[in-house]
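Have a look at the structure below before the remarks.
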Amino acid sequence: MQWIRWLSRIAVWLGKARKVWGAVLAVPFAFLISWGALPTWEPRLRIAGLLLQLLGIGAVAYGLREMRLLFRLPSPRQIAVSWFTRFPRLKEDAVAVVGSAAAMARAGAVTAYGRVSLPPTASLEERIAALEQDHQQTRDLMGEIRGRMEQEARVREGVLDSERGERAVQDEKIRKLVEEAAVGGLYLELTGILWLVIGVICATASNEIANLIAKFAYDK
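What follows is the structure, given as structure tokens:
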């Protein structure tokens, strides 16, 4: 049981580098194809180099396609079709532009505050009562204004909190999108460069490499 668990952990460990294994194993796979199809070393190396070059170009093209889909960009065909549809016509169509205006009114609560002037002959008690009434109205008005200001502040604070939360979610989405594009694009670019370099070497110097292999085999 311990050996089985150890082997399973090794399998998981190897699986985490599956992209690397795919990039590395493609090279001997191309050589195996050319080895089985061709009889001598020179065409084997040349065809294997060609296959690796095609794989490298395909990896770069696939990376560009994934990048385009990730950012929801139009395809080259869609861009070409859109460009052709904008070809200027000989006779332009008349376009009637109709304008409309809309008015929006915002009504706020208005508090009426009135004060009754006392006659010159008013008694002291009447004047005191009027002052108390004015004082009470002022206090009521200030309390109402304070309540409205606090309510408006709470509403605005709630709106700001909601906007902060939405902005944080959008920022996280953008961060993950950029990270996925950068990491995935970097892997595909490195893989494509590796295949292209090996393919160019094999296809360009196939005669020299074949001679070295033949010389090494002859010395053996």
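Numbering-wise (the working numbering), the sequence shown opens with residue 33 and increments by one.
In this text, a Cβ means the ideal position worked out from N, Cα and C, and glycines have one as well.
Determine the burial state of residue i: buried for a count of at least 16 other Cβ atoms within 10 Å of its Cβ, exposed for fewer.
i	result
residue 88	buried
residue 132	Because the pLDDT at residue 132 is just 42, under 50, the model does not fix this residue reliably, and the value given afterwards should be weighed accordingly. The residue in question, residue 132, is exposed, as its Cβ has fewer than 16 Cβ neighbours within 10 Å.
residue 160	exposed
residue 85	buried
residue 155	exposed
residue 73	buried
residue 231	buried
residue 66	buried
Judging by CA-CA distance, which residue of the options is the nearest neighbour of residue i?
i	options	result
residue 239	167, 79 and 38	79
residue 82	57, 36 and 237	237
residue 55	201, 163 and 228	228
residue 103	226, 245, 44 and 209	209
residue 245	77, 41, 48 and 51	77
Rounded to whole angstroms, what's the CA-CA distance from residue i to residue j? Just pull it up for me.
i	j	result
residue 181	residue 116	58 Å
residue 20	residue 195	The structure shown does not extend to residue 20, since the chain spans only 33 to 252, so no value can be given for it.
residue 137	residue 170	Legend: pLDDT at residue 137 = 40, less than 50; position of this residue unreliable, value from coordinates given subsequently. Going by the C-alpha atoms only, they are around 29 Å apart.
residue 38	residue 46	12 Å
residue 186	residue 199	20 Å
residue 57	residue 220	15 Å
residue 107	residue 91	17 Å
residue 222	residue 51	11 Å
The alpha helix (DSSP H) that contains residue i, what's its start and end?
i	result
residue 105	No alpha helix (DSSP H) contains residue 105, which DSSP labels as neither H nor E.
residue 70	First-last for residue 70: undefined, no H or E at that position.
residue 41	34 to 47
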